[in-house]
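Residue numbers (the working numbering), protein chains in the order written: chain A, 1 to 547; chain B, 1001 to 1199.
Virtual Cβ for every residue (Gly too), placed ideally from N, Cα, C.
In structure tokens:
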């Protein structure tokens, strides 16, 4: 009697094992598929750029590549250094100080990374420009404010607002993750503030700096709308803006392709040494439960840093809202062109967010079950493709490709925008999702397999509830990135097919400053609302699942 | 003498406050046993000044130390693990103990290392030491700081039996020699045996 039962059990075990192997193969296949898709796309764009023929009607002058490289490097190096210094100082102050509204300030810092560059640039002009807040304030004391926001100062300031806040948010998470026990130990040993910084804070911060610096450097090196708006002339032009000018203004595709290759080469040289450490971003750990404030002069310095930083970061945003929510607000938002652009932006943002999340999760799941280091490198490299191929370069490839294939802009534009938005957000979303998926896998994979949970059922019961916060943040991040992107639409945008950033850029070009301010205010409000609502919405679903 | 009188504390959301009463004579080791969540570590945090009680007194030789900042209290503290900064050398870790006792000479470092039997480790990075060695170095640092109260939070839980016994003996010996008031929070039966004077 025992033999058939034993046989059945063995048969069932074999079936289950085969099922598990199949599931794992399917997971790997999906991951490989996406990695190859993204990688293939990159290679295709690269090929298009290399083999692009010289157009007959080119009328551009040969650009001074050495100057473009020098200018791109100088502004990026300055922006990175100042952003990191500001980020460290602000994170240090926020770590030590406790006050009403602290959590709101920290949330605002998190949203800075997704605040559209175009909006920040407009906000800075409204604060630091000749007719801005500072000039008004200087007038009270009969002082003539020169309003030198255009040029290197403006570019670096705008990049510091965006990336300094980003750095502060990440570094604060590092400081908050210092174990309470270490803090208590240091406090009982009466470490001086400088000793505390050197022994406790610096090791926590410094391990994040190389990857953080390389990301900020790449973001600023390839920055487009800020340099375009605040550059103030050819002397401050960077490679990214020169590519845009070559295509959009001169229609010189050969030069654009050559500049794109130069930019690619520099970006690859920067990204390769730090590719492995990029994931460190999300290892923020738990917030320390012990608070140890500094006292005396050190506390005074921290309060001063906080006040200056809050003014620096929030004033451009407040200026945009003040200017944008004026009397012309309703007139602007009821225009058919605005409604159409807003619809396009919202639809493209939603689709991009969903696709990015899906792709990031699938690749992260593949990575979680992959042991080979070579295979891991193959899967993860395409994720960081955007970092070496910025949006203007990417859209240039698509632009030339669609022209060669005879596809009209109107057809190609939405697809290109979605693909570019996905690639743009993928490194950030992956860095957010992958560590969580890896930890869920190592903790629950055996249990899930023992319970025969697989496919959609496993996703519903295990991964989705535990990934709630990350899913919300990832969706918000991708949506906001997509909403504010000017790089791709700058080549594909027309009067017929437009998005909010393109509308805003056109309004500024036509000196319709009130229209531009209204669109900027709406983009800012949507970004902030999405960033505040989506994570808490998904967090709530996690709590319900836990209960 | 360390005397804790009606020391009350409530964690957020806790309805019934924790109330502590305790007397500990110099040169004696007290042990506080109990299940998880009964407030053992909270007592150490209150004595060290990391938490503020709602009422009550912590009297050391007749003086109430409740109003003092953690940095001003005559307290050394040792945890279950992570008592050293792994990226610093043993020497630098020990030197940190001098801040609370500026009269101690730097040359004393060698003496305290002799007392814990680890002289040859002085220039090694803390990360290269075993769990037991780390605990003994941390104990050597409390010797340098030489504070009246020594608090130990599950100090032997991460050690094997041989190392835990060595550490136990060392703590008892140093407590007697230096007239410390040593309070151990632990769930191990061996520590309870060591306790002598807790009422």
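Within chain B, the residues that residue 190/A reaches when beta carbons sit closer than 8 Å: Residue mapping note: residue 190/A aligns to position 190 of the first chain, counting from 1. Chain B residues near residue 190/A: 1071, 1099, 1100.
Where residue 961/B falls: helix, strand or coil (DSSP): Nothing about residue 961/B can be reported from this structure: the residues present for chain B run from 1001 to 1199 only.
Chain-order list of residues whose beta-carbon lies under 6 Å from that of residue 470/A (same chain, five-residue window excluded): Taking the first chain and counting its residues from 1, the one referred to as residue 470/A is at position 470. The residues are 432, 433, 436.
Exposure label - residue 206/A; buried when at least 16 CB within 10 Å: Walking along the first chain from the start, residue 206/A turns up at place 206. Exposed, by the Cβ-count rule.
is_contact[residue 1180/B, chain A] using C-beta, thresh 8 Å: Mapped onto the second chain, residue 1180/B falls at position 180. Chain A contact via Cβ: absent.
Closest residue to residue 310/A among 246/A, 343/A, 161/A (Cα-Cα distance): On the first chain, position 310 is the one that residue 310/A refers to. The residue with the shortest Cα to Cα distance from residue 310/A is 161/A.
Contact list for residue 205/A against chain B, beta-carbon separation under 7 Å: What you label residue 205/A is simply residue 205 of the first chain in a count that begins at 1. For residue 205/A, none of the residues of chain B pass the 7 Å Cβ criterion, the least Cβ distance being about 13 Å.
Separation of residue 1048/B from residue 1170/B, as counted between CA atoms: Numbered from 1 along the second chain, position 170 holds the residue referred to as residue 1170/B. Numbered from 1 along the second chain, position 48 holds the residue referred to as residue 1048/B. Near 22 Å, if we compare the C-alpha coordinates of residue 1048/B and residue 1170/B.
Contacting residues, own chain, Cβ-Cβ under 6 Å from residue 383/A (five flanking each side not counted): Walking along the first chain from the start, residue 383/A turns up at place 383. If the five residues before and after residue 383/A are omitted, its C-beta is found closer than 6 Å to the C-beta atoms of 426, 427, 430, all from its own chain and listed in chain order.
Environment of residue 1106/B [buried if 16+ CB atoms lie within 10 Å]: Taking the second chain and counting its residues from 1, one reaches residue 1106/B at position 106. Looking at its Cβ environment, which holds fewer than 16 other Cβ atoms inside 10 Å, residue 1106/B is exposed.
C-alpha gap between residue 257/A and residue 168/A, whole angstroms: Residue mapping note: residue 257/A aligns to position 257 of the first chain, counting from 1. Residue mapping note: residue 168/A aligns to position 168 of the first chain, counting from 1. Distance between the alpha carbons of residue 257/A and residue 168/A: 36 Å.
Contacting residues, own chain, Cβ-Cβ under 7 Å from residue 1016/B (five flanking each side not counted): Counting from 1 along the second chain, the entry for residue 1016/B is found at position 16. Result list for residue 1016/B: empty, nothing under 7 Å.
Beta carbon of residue 191/A nearer than 8 Å to that of residue 121/A: Residue numbering aside, residue 191/A sits at position 191 when the first chain is read from its first letter. Residue numbering aside, residue 121/A sits at position 121 when the first chain is read from its first letter. Against a cut-off of 8 Å, the Cβ pair of residue 121/A and residue 191/A comes out as no contact.
Any C-beta of chain B under 8 Å from that of residue 199/A: What you label residue 199/A is simply residue 199 of the first chain in a count that begins at 1. Answer yes: the Cβ-Cβ gap between residue 199/A and chain B drops below 8 Å somewhere.
Range of the contiguous alpha helix (DSSP H) that encloses residue 358/A: For the purposes of this step, residue 358/A is taken as residue 358 along the first chain, with counting starting at 1. Under the DSSP assignment, residue 358/A falls in the alpha helix (DSSP H) whose first and last residues are 336 to 369.
Residue 1004/B at chain A interface by Cβ criterion, 8 Å: Stepping through the second chain from its first residue, residue 1004/B is reached at position 4. Among the residues facing chain A, residue 1004/B is not included, as its CB has no counterpart in that chain under 8 Å away.
Opening and closing residue of the beta strand (DSSP E) in which residue 1146/B lies: Working through the second chain from its first residue, we reach residue 1146/B at position 146. Here residue 1146/B belongs to no beta strand (DSSP E), and DSSP marks it neither H nor E.
Three-state secondary structure assigned by DSSP to residue 430/A: One-based indexing of the first chain puts residue 430/A at position 430. Three-state result, residue 430/A: helix.
8 Å contact criterion, which residue 1084/B and residue 1137/B should meet: CB distance rounded: As a first step, residue 1084/B is located in the second chain; it is residue number 84 there, counting from the start. As a first step, residue 1137/B is located in the second chain; it is residue number 137 there, counting from the start. Their Cβ separation, rounded to whole angstroms, is 6 Å, which keeps residue 1084/B and residue 1137/B in contact under 8 Å.
Whole runs of the beta strand (DSSP E) within the segment 1056 to 1124 of chain B, excluding any shorter than 3 residues: Fully enclosed beta strand (DSSP E) runs of 3 or longer: 1075 to 1078.
Element boundaries [alpha helix (DSSP H), containing residue 405/A]: Position 405 of the first chain, counted from the start, is the residue given in the question as residue 405/A. That residue, residue 405/A, is in no alpha helix (DSSP H); it is neither H nor E in DSSP.
Extent of the continuous alpha helix (DSSP H) to which residue 380/A belongs: Stepping through the first chain from its first residue, residue 380/A is reached at position 380. 373 to 380 is the span of the alpha helix (DSSP H), which, as asked, contains residue 380/A.
Whether residue 182/A touches residue 1082/B by CB criterion (8 Å): By 1-based counting over the first chain, the position of residue 182/A is 182. By 1-based counting over the second chain, the position of residue 1082/B is 82. In this structure, residue 1082/B lies closer than 8 Å to residue 182/A by Cβ.
Segment contact flag, the segment 516 to 533 of chain A with the segment 1036 to 1055 of chain B, C-beta cutoff 8 Å, min 3 pairs: The segment 516 to 533 of chain A vs the segment 1036 to 1055 of chain B: no contact.
Inter-residue spacing [alpha-carbon to alpha-carbon] between residue 66/A and residue 163/A: Here residue 66/A corresponds to residue number 66 of the first chain, with the count starting at 1. Here residue 163/A corresponds to residue number 163 of the first chain, with the count starting at 1. Taking the CA atoms as reference points, residue 66/A sits about 26 Å from residue 163/A.
Length of the line joining the Cα atoms of residue 226/A and residue 1096/B: Looking up residue 226/A in the first chain gives position 226. Looking up residue 1096/B in the second chain gives position 96. When the Cα atoms are used, residue 226/A and residue 1096/B turn out to be separated by approximately 48 Å.
Bounding residues of the beta strand (DSSP E) (the contiguous stretch that carries residue 1030/B): Numbered from its first residue, the second chain carries residue 1030/B at position 30. Start and end: 1028 to 1032.
Same chain, Cβ closer than 7 Å to residue 289/A, five either side skipped, listed in chain order: Stepping through the first chain from its first residue, residue 289/A is reached at position 289. Within the same chain, Cβ atoms closer than 7 Å to the Cβ of residue 289/A are found at 180, the five residues on either side in sequence being excluded.
Chain-order list of residues whose beta-carbon lies under 6 Å from that of residue 479/A (same chain, five-residue window excluded): In the first chain, residue 479/A corresponds to position 479, counting from 1. So the qualifying residues of the chain are 349, 353, 530.
Within chain A, partners of residue 1076/B - CB distance below 9 Å: Residue mapping note: residue 1076/B aligns to position 76 of the second chain, counting from 1. Near residue 1076/B (Cβ distances below 9 Å), the residues of chain A are 188, 189.
Extent of the continuous alpha helix (DSSP H) to which residue 69/A belongs: Translated into the one-based positions of the first chain, residue 69/A becomes position 69. Where residue 69/A is concerned, the enclosing alpha helix (DSSP H) stretches over 65 to 96.
Test: residue 1082/B CB closer than 8 Å to a CB of chain A: Residue numbering aside, residue 1082/B sits at position 82 when the second chain is read from its first letter. The beta-carbon of residue 1082/B is placed less than 8 Å from the nearest beta-carbon of chain A.
N- and C-terminal bounds of the alpha helix (DSSP H) containing residue 494/A: Position 494 of the first chain, counting from 1, holds the residue named residue 494/A. Per DSSP, residue 494/A is not a residue of any alpha helix (DSSP H), being assigned neither H nor E.
Proximal residues of chain A, C-beta to C-beta of residue 1187/B below 7 Å: Within the second chain, residue 1187/B is the residue found at index 187, counting from 1. Against residue 1187/B, chain A offers no close residue; the least beta-carbon distance is about 18 Å (beta-carbon pairs closer than 7 Å).
Cross-strand partners of residue 197/A (DSSP beta bridge): By one-based count along the first chain, residue 197/A stands at place 197. Residue 197/A is not bridged to any residue.
Same chain, Cβ closer than 7 Å to residue 537/A, neighbours up to 5 away in sequence not counted: Locating residue 537/A in the first chain gives position 537, where the first residue counts as 1. Contacts found: 472.
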